[in-house]
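The sequence shown stops at residue 296 when you use my numbering, and every number in between is there.
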Amino acid sequence: MSELNIPPAKTPLLVVVGLIGIAAGLWALVSWTLEDKFWGFIVTLVVTALSTRAWTQEVPEFNGMTILNKPAGTQRALFQGRTGKLPWEQAGTLVDLRSELKEILQETWSTKQGTSMDAKYVYILHPRATEKDVLAYASFTQDTVKTAARNLFTVMLSDHFGICEEPENLLKKTEVNKAVFESPDGEKRIKAFQDKYGVEAHASLEDVDYDEETQKARDIVSKATSIDDAINKLIASGMNRPDAEKIVRMLNVPGVQEFIISVDAKGLENLHDVTMLGGLGKVGKK
Numbered sequence: 011m012s013e014l015n016i017p018p019a020k021t022p023l024l025v026v027v028g029l030i031g032i033a034a035g036l037w038a039l040v041s042w043t044l045e046d047k048f049w050g051f052i053v054t055l056v057v058t059a060l061s062t063r064a065w066t067q068e069v070p071e072f073n074g075m076t077i078l079n080k081p082a083g084t085q086r087a088l089f090q091g092r093t094g095k096l097p098w099e100q101a102g103t104l105v106d107l108r109s110e111l112k113e114i115l116q117e118t119w120s121t122k123q124g125t126s127m128d129a130k131y132v133y134i135l136h137p138r139a140t141e142k143d144v145l146a147y148a149s150f151t152q153d154t155v156k157t158a159a160r161n162l163f164t165v166m167l168s169d170h171f172g173i174c175e176e177p178e179n180l181l182k183k184t185e186v187n188k189a190v191f192e193s194p195d196g197e198k199r200i201k202a203f204q205d206k207y208g209v210e211a212h213a214s215l216e217d218v219d220y221d222e223e224t225q226k227a228r229d230i231v232s233k234a235t236s237i238d239d240a241i242n243k244l245i246a247s248g249m250n251r252p253d254a255e256k257i258v259r260m261l262n263v264p265g266v267q268e269f270i271i272s273v274d275a276k277g278l279e280n281l282h283d284v285t286m287l288g289g290l291g292k293v294g295k296k
């Protein structure tokens, strides 16, 4: 969390003018009633001193507060300290500027190649200390803000997982975080979220790996001596042949390669693509 830079308590000029006008009107009324300006002034001072709650509002340390002007239907925000307010303005929502909304989420996403990956990411939100942001933050419940954050960051990460060409690159958390959250598009989406909800937002991919079933398949395939051997081992583990062939093709396992040869020969009009699967060890010299 960055250092709090809370604005000082400050009474807007229009409120100051309004309070002076009210005090002047009260002095004139009392002076007229008592037929004495001096005693009218003294009585006005006493009444003003005894009614500070009506024309001031105290905000606790490290907090912001919304305040509603009911007749005008407008809102503004106050910060720590005592601030002047009009008698008909009412205190609204108190916002602790030190508060933190945080979630650690476990997700499973599919890659472009069809593999499934288990991921853990965290996001942290803090309300920002400006009048605009306090008003924005106070207009939503915390559950609403957290749901919106969860939706945003989950979509951003899952979209990246779905377009990444190499599943192995998704295991590089630092690179994924930069690609998702520090790209121009990512920063734009996060800024829009921050401005809407009045928060400072940070998200980070903390852990990622293939899901349990894919891990098991990788372990089996990595011990195979050829692709045929890998397929047979997967079938022996209970997988059907089409799924076994698919798993072997989409897993980027050292020592195993797939060659796809397009065949266009006379008399083979109905044969378009032939997939040749085979194990590849070290290539010997001819």
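For every residue, glycine included, the Cβ atom is placed at its ideal position computed from N, Cα and C.
This structure is a prediction, so every number in the text was calculated from the model and none was measured.
Exposure of residue i, with buried meaning 16 or more beta-carbon neighbours within 10 Å
| i | result |
| --- | --- |
| Asp143 | buried |
| Lys243 | buried |
| Thr184 | exposed |
| Leu44 | exposed |
| Ile257 | buried |
| Trp37 | buried |
| Thr93 | buried |
| Leu215 | buried |
| Leu23 | exposed |
| Glu255 | buried |
| Thr54 | buried |
| Thr224 | buried |
| Phe163 | buried |
Residue i versus residue j - alpha carbon distance
| i | j | result |
| --- | --- | --- |
| Ala59 | Trp65 | 10 Å |
| Asn161 | Ile200 | 12 Å |
| Asp238 | Met249 | 14 Å |
| Gly124 | Glu175 | 11 Å |
| Gln204 | Ile245 | 50 Å |
| Ala240 | Asp229 | 10 Å |
| Thr154 | Pro177 | 33 Å |
| Leu111 | Ser149 | 16 Å |
| Phe114 | Asp169 | The residue you asked about is not Phe; residue 114 is Ile in the sequence shown. Ile114 and Asp169: Cα-Cα distance of roughly 19 Å. |
| Asp46 | Ser109 | 54 Å |
| Asp221 | Thr21 | 57 Å |
| Arg63 | Gln152 | 30 Å |
| Lys226 | Lys188 | 30 Å |
| Ser61 | Pro194 | 54 Å |
| Gly35 | Tyr147 | 38 Å |
| Ile52 | Gln85 | 34 Å |
| Phe48 | Trp42 | 11 Å |
Close beta carbons around residue i, own chain, < 7 Å, minus the five adjacent residues each side
| i | result |
| --- | --- |
| Glu71 | Gln90 |
| Lys95 | Val25, Trp65, Thr66, Gln67, Ile77 |
| Leu180 | Thr121, Met127, Phe171, Cys174, Val186, Val218 |
| Gly196 | Met166, Val190 |
| Ser247 | Ile230 |
| Asn73 | Gln90, Leu104, Val105, Asp106, Leu107 |
| Ile30 | none |
| Ala101 | Gln67, Met75, Ile77 |
| His282 | Note that His282 has pLDDT 43, beneath the 50 cutoff, so the model's placement of it is unreliable and the number below is only indicative. Counting only Cβ-Cβ distances below 7 Å, and skipping sequence neighbours, we find nothing. |
Given residue i as reference, the closest of the options once Cα atoms are compared
| i | options | result |
| --- | --- | --- |
| Trp119 | Gly248, Leu88, Val165, Leu145 | Val165 |
| Lys130 | Ala139, Pro137, Gln116 | Gln116 |
| Ala33 | Thr21, Pro18, Ala159, Val57 | Val57 |
| Thr140 | Met75, Thr54, Arg251 | Met75 |
| Lys206 | Ala159, Pro194, Gln85, Pro252 | Ala159 |
Assumed close pair residue i, residue j - CB separation to whole angstroms, cut-off 8 Å
| i | j | result |
| --- | --- | --- |
| Val40 | Gly50 | 4 Å |
| Ala87 | Leu145 | 6 Å |
| Tyr133 | Ala202 | So it is not a contact: roughly 15 Å between Cβ atoms. |
| Arg138 | Gly83 | About 25 Å separates the two Cβ atoms, so there is no contact after all. |
| Glu210 | His136 | 5 Å |
Near the ligand HEM: residue i beta-carbon under 7 Å from a heavy atom
| i | result |
| --- | --- |
| Thr164 | For the ligand HEM, the structure offers nothing, since it holds no ligand at all. |
Sequence-distant residues of the same chain with beta carbon closer than 6 Å to residue i, five excluded per side
| i | result |
| --- | --- |
| Glu99 | Ile77, Asn79 |
| Lys156 | Leu111 |
| Val266 | Interpretation of Val266 is limited by its pLDDT of 48, a score under 50 that renders its predicted location unreliable; no figure is taken from the coordinates. |
Sequence-distant residues of its chain with Cβ nearer than 8 Å to residue i (five each side left out)
| i | result |
| --- | --- |
| Ala19 | Val69, Leu88, Phe89, Gln90, Gly91, Arg92, Thr93 |
| Lys233 | Lys243 |
| Pro17 | Phe89, Ala139, Thr140, Glu141 |
| Arg251 | Ile241, Ile245 |
| Asp253 | Leu244 |
| Pro81 | Trp98 |
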